[in-house]
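As numbered in the working numbering, residues 2 to 329 make up the sequence shown, in order.
Heads up, the beta-carbon is just placed ideally off N, CA and C, and yes, glycines get one too.
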Amino acid sequence: MVAARPPRFALFDKRGWNTMISETLGRGSPKLPPLRKDRAEALDQTWLETFLGNFIAHDPANRLEPPYAGEPIYQAPLIGFVRGDAPLLETYKELIGPFHHTPAEVMAWAAKEQGVKAPAANEIGVVSFVLPLSDATVTDTAAEKIHSSARWAQTRLFGEICMRKMMQQLIAELSGMGILAAAGDFMPDFRKRHFPKIGWGSPWSHRHVAFAAGLGGFGMHDAFITEKGCAHRCGSVVAAMPVKSNRERLPHYRHNCRQHRLGNCMVCAKRCPIGAITEHGHDKEACSKYVMKSIPRNIFGNKVAIYSCGLCMVGTPCAQKNPMEDAK
Ligand code: SF4
Ligand code: SF4
2 MVAARPPRFA LFDKRGWNTM ISETLGRGSP KLPPLRKDRA EALDQTWLET FLGNFIAHDP
62 ANRLEPPYAG EPIYQAPLIG FVRGDAPLLE TYKELIGPFH HTPAEVMAWA AKEQGVKAPA
122 ANEIGVVSFV LPLSDATVTD TAAEKIHSSA RWAQTRLFGE ICMRKMMQQL IAELSGMGIL
182 AAAGDFMPDF RKRHFPKIGW GSPWSHRHVA FAAGLGGFGM HDAFITEKGC AHRCGSVVAA
242 MPVKSNRERL PHYRHNCRQH RLGNCMVCAK RCPIGAITEH GHDKEACSKY VMKSIPRNIF
302 GNKVAIYSCG LCMVGTPCAQ KNPMEDAK
């Protein structure tokens, strides 16, 4: 299926502005679809895996636009599950900040919106998914030294739209079966804020949920390194549906990073054009400023209204694989 032609002037493309406003200010999050209160289906978690796999394989949202029309944005998803009452998710209130929501808080909000009783924490499950970027997108930006490629910029915008559509459809499907469901970043208080302890943060971190679900760990660049590397986007949906963990969580949050394990990497730091990554970690403030400066270049050069960078995520040993896979 060939995707629609984008507007002639990216400056006026509302999709980009809506995405940036939604990600940074939290406005424009979708309303929850109606919950069928007359139904209460018991669902096997393999149904969730099938739904997500089929969406990425077949939905037209997983496609770039001209000049890359028809190319898939994402490869097949990696999927993990974590119980809503997993103690680690509660500790995020200390590690990230008290503003970070637990799955029970996401469900409490959704239950209030839908006019039903909130489920107990042990009746809640979280499905976490990682969508690896296409080889072409990774290769393109690995060849760049100052700015991300045009393919990467498109991927940043249309990949986010695809991800949100997938989460919305999953929530709608579950709600139609009488299963309360929501996404942490669809809540009205979701927006990026600057916090004294952690710098930029938000009330729901898909990557931290992915860590809890055993999908991988963090690198020196703060990107999330899975068995398919760190060049991906990730998401998660919370549901009133008990799940069983299907992956073993890493023993340390940097267990997949070669620098942490062997002390001989820092390729991501060398890839960063502004030196925002050092052995002390990732300077989110400097990174964010640089990423924001990409907006005019993307609008007028790459014909897409979005911010992007990601240079540190590609051209590295952890871009498309776990660099420690042979050392486990
Ligand atoms: S490039 Fe090396 S140091 Fe940087 S995150 Fe990847 S494995 Fe770790
Ligand atoms: S995303 Fe941030 S840390 Fe990574 S290369 Fe770009 S500016 Fe540097």
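Residue of the options minimising C-alpha distance to residue i
i, options, result
"R84", "P73, C235, V128, D60", "V128"
"M178", "L36, K32, I226", "L36"
"I296", "C310, E326, A320, E286", "C310"
"E42", "I180, A122, M21", "I180"
"G236", "L79, P31, H261, P67", "L79"
"P88", "G220, A214, I226, K229", "A214"
"E174", "F301, Y291, F56", "F56"
"Q76", "Q115, Q170, L132, R208", "L132"
"T47", "G81, G98, D190", "G81"
"A232", "N19, T142, S23", "T142"
"A328", "L65, H256, F13", "H256"
"N303", "R234, I172, R248, P68", "P68"
"Q155", "L134, L171, G54, K146", "L134"
"Y254", "R248, G220, M242, A182", "G220"
"Q170", "R298, F187, W201", "F187"
"A183", "C288, Y93, M108", "M108"
"G116", "P243, N19, L33, H222", "L33"
"I147", "P274, G230, L44", "P274"
"A270", "F191, A224, E24, R248", "A224"
"E161", "E114, A112, K113, N19", "N19"
"I97", "A62, T227, H209", "H209"
Beta-bridge pairing of residue i - partner residues as DSSP gives them
i, result
"P133", "H233"
"I75", "Here residue 75 is Tyr; the residue named in the question, Ile, does not match the sequence. In the DSSP output, where bridge partners are listed per residue, Y75 has L134."
"H195", "W201"
"F219", "F225"
"R84", "G126"
"A183", "V239"
"I278", "H283"
"R208", "Note: R208 sits in no beta bridge, so no partner."
"R37", "Answer by DSSP bridge pairing: none, since R37 is not bridged."
"R64", "P73"
Cα-Cα separation between residue i and residue j, rounded to whole angstroms
i, j, result
"E50", "G282", "34 Å"
"M314", "E286", "17 Å"
"A122", "A105", "5 Å"
"K193", "F212", "20 Å"
"A151", "P318", "22 Å"
"G316", "A144", "8 Å"
"V268", "T140", "16 Å"
"F265", "A320", "Reading the sequence as shown, one finds Asn at residue 265 and not Phe. Looking at the two C-alpha atoms, the distance is approximately 16 Å."
"D284", "R40", "48 Å"
"G218", "H261", "11 Å"
"M2", "M167", "Confidence in M2 is poor, its pLDDT being 42 and thus under 50, which makes the residue's placement unreliable; the coordinate value appears in the next sentence. M2 and M167: Cα-Cα distance of roughly 18 Å."
"G126", "F301", "43 Å"
"D14", "D60", "22 Å"
"R272", "I278", "9 Å"
"P324", "R259", "6 Å"
"G17", "K245", "37 Å"
"E95", "H101", "9 Å"
"M21", "P73", "22 Å"
"L65", "R165", "15 Å"
"R250", "L53", "21 Å"
"L12", "A58", "31 Å"
"M242", "K294", "42 Å"
"P189", "S30", "7 Å"
"D136", "Y291", "25 Å"
"P252", "L90", "15 Å"
Opening and closing residue of the alpha helix (DSSP H) in which residue i lies
i, result
"V244", "Note, V244: premise wrong, no alpha helix (DSSP H); not H, not E."
"L175", "151-177"
"A105", "104-115"
"H101", "Neither: H101 is in no alpha helix (DSSP H) and is coded neither H nor E."
"Q321", "First-last for Q321: undefined, no H or E at that position."
"P297", "295-301"
"K271", "268-272"
"H335", "Nothing in the structure corresponds to residue 335, since the chain is present only between 2 and 329."
"S23", "15-26"
"I57", "46-59"
Run of the beta strand (DSSP E) containing residue i, from where it starts to where it stops
i, result
"W201", "200-202"
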